[in-house]
Structure formats: structure tokens, C-alpha cells
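Enquirer: Numbering (full-length UniProt numbering), first residue to last: 1 to 123.
(1) Apart from the five residues on each side of it in sequence, which residues of its chain come closer than 6 Å, Cβ to Cβ, to residue 48?
(2) Roughly how many angstroms separate the alpha carbons of residue 103 and residue 94, rounded to a whole number?
(3) Look at residue 90 and residue 34 and say whether their C-beta atoms are less than 8 Å apart.
(4) Answer with buried or exposed for residue 64, where buried requires no fewer than 16 other C-beta atoms within 10 angstroms of its C-beta.
(5) Alpha carbons only, please: which of 54, 21, 52, 53 is nearest the one belonging to residue 39?
(6) Beta-carbon separation of residue 114 and residue 67 under 8 Å?
(7) Decide if residue 71 is buried, meaning its Cβ has at least 16 other Cβ atoms within 10 Å, or exposed.
(8) From residue 108 to residue 121, what does the alpha carbon distance come to, in whole angstroms?
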């Protein structure tokens with residue numbers, strides 16, 4: 001009887017709609033929070049987003065764009081991961097996995113996009 005009751009009484013899961021900071025913040029507010037312009041962020045999404053898969057947080061996947069925003073916010077502010085997670089409703093371990101994954105992707109692609117000047121170029 002109890003097992004039938006549990007199967008029949010499924011509680012619907014409520015998920016808050018995710019609002020993109022791109023539409024939420026003005027250009028100046030976005031720059032203050034992420035230390036880059038919206039255009040620069042969109043460029044980063046096109047460069048790195050395809051290498052980021054959705055990270056599943058128990059049925060609540062985090063998009064590649066949101067992963068980049070989370071990592072860039074962490075890089076820009078140096079906040080504790082718990083604080084960053086509290087701001088967007090994710091746990092500290094999830095924030096840690098996201099920052100780690102984004103950092104790995106950027107590091108793997110760094111030779112394609114970062115070039116230090118040679119000695120002859122410095123003279």
C-alpha cells in the first residue's frame with residue numbers, strides 16, 4: 001500500500017527559469033562583474049563553448065555559456081566558490097567542477113590564442 005502511494009504521489013519539480021546575465025545586466029554592469037564586454041564574452045562562447053558539454057547537476061544541466069560565465073566570474077572576483085554558487089543556486093562542488101573544466105579547455109587552447117613576443121619583436 002505504501003509503495004503504491006509513493007508511486008502515485010509524485011511531486012512536480014519546480015525549476016526557476018534561468019535568466020542570462022547578457023540580458024540582465026547593462027554593458028557596464030556586465031563588465032564590472034565579469035571583467036570583459038558582452039562582445040568579448042560572446043566571442044569566448046564561440047571559441048570555447050563547443051568544447052564544454054552540459055554538466056548535469058542531478059537533472060539540472062548547466063549550459064556551456066553559463067559554465068563560462070561562472071568561471072569568468074570566479075576569475076574576475078576571486079570569490080569563494082561557495083559564494084559564487086549561492087548567487088546562482090549551485091553547490092560549491094558543482095562550481096569547482098565547472099571552473100576546473102573551463103580552465104582545462106582554455107589552457108588546452110591557449111597556444112592557439114596566446115602568443116608571447118619573441119626577443120626580436122621586443123627590441
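For glycine and all other residues, C-beta sits at the position ideal for the given N, C-alpha and C.
Expert: So, from the data block:
(1) 105
(2) 14 Å
(3) no
(4) buried
(5) 21
(6) no
(7) buried
(8) 25 Å
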